[in-house]
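Residue numbers (our numbering), protein chains in the order written: chain G, 1 to 85; chain B, 1001 to 1203.
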């Protein structure tokens, strides 16, 4: 799980262009939205694309993301259960 | 109507100019725009999410307004933004096209898509500085001081407008040509805003 969390942090930094943030800066238990990283709705859509592109997970509606993107750890747990690639 | 240029800035592929003087940029292995951002000691993480056109316009506006807007929190209804370019958002359009080109690898990028309009750069500058006046963007085949002059004068016909950020913000295929002017109808100091002076300052 730790390896997946680190991989996910690196991918999030890359796809969301979080230029001045390192994986160590991201607390895997902290909320991704609303505080901390200051992500917005476009970032949420990018995370949905990331889930499909990198892990073969297609979210049927954007509202599912609300629960899955609560933190990097919750995202990683979801990916581990549902990934197809 | 007496209008004066109270500030101007320019960014090309290898030069940054503010009020006629070249600004020293510390080059690193990072991109040109990121080097400018760091040399100017800016702190605005959203910059890194912008497309090239918005990054270029944003950086030129940071230079342009550095002495004019120190309070970024108060809404400013007396400033308008009027920009022009030749390439519209083609640079970003191409990037977006790449994300939808391959049917087997079809992942349209929302973050790229939001920049597939050239006037987004006016919005980025307005958001950064809480500018609430009218913003407009025109696409023209060539840089025309005459058009820029006429459109800017028109912007001042709104009685609420005291200052106008105007200029040329073009970026395509790694070619950056950005030139911004800050005009005022109140400040008597500065360079008279004329077609000739636009031409001279742009050179």
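Backbone N, C-alpha and C fix where the C-beta goes; we use that ideal spot for every residue, glycine too.
The beta carbon of residue 1022 of chain B lies closer than 8 angstroms to those of 1015, 1016 in the same chain, with the five residues before and after it left out.
Straight-line spacing of the CA atoms in residue 1019 of chain B and residue 48 of chain G works out to 45 angstroms. Between residue 1109 of chain B and residue 46 of chain G, the CB-CB gap stays under 9 angstroms. Spanning the alpha carbons of residue 1122 of chain B and residue 1173 of chain B requires a straight line of approximately 21 angstroms. In chain order, 51, 78, 79, 82, 83, 84 place their CB closer than 8 angstroms to the CB of residue 57 of chain G, counting only its own chain and leaving out the 5 sequence neighbours on each side.
Our two residues, residue 1079 of chain B and residue 1028 of chain B, have alpha carbons roughly 35 angstroms apart in a direct line. Within chain B, 1048, 1049, 1111 have C-beta atoms less than 8 angstroms from the C-beta of residue 17 of chain G, given in sequence order. In the displayed model, residue 1184 of chain B falls within a strand according to three-state DSSP.
Of the residues assessed, residue 1163 of chain B falls on the buried side of the cut-off, its CB having 16 or more other CB atoms within 10 angstroms. As the crow flies, the alpha-carbon of residue 26 of chain G is around 8 angstroms from that of residue 37 of chain G. Residue-level contact by beta carbon fails for residue 1052 of chain B and chain G, as no gap is shorter than 9 angstroms.
Close partners of residue 1107 of chain B in chain G (Cβ separation under 8 angstroms): 49, 52, 53. For residue 1121 of chain B, there are no C-beta contacts with chain G under 9 angstroms, since the nearest C-beta of that chain is about 16 angstroms from it.
For the pair of segments examined, the segment 1110-1117 of chain B was found not to touch the segment 1034-1048 of chain B: the number of CB pairs separated by less than 8 angstroms stays below three. When DSSP states are grouped into helix, strand and coil, residue 1167 of chain B belongs to the strand group. Residue-level contact by beta carbon holds for residue 1114 of chain B and chain G, with a gap shorter than 9 angstroms.
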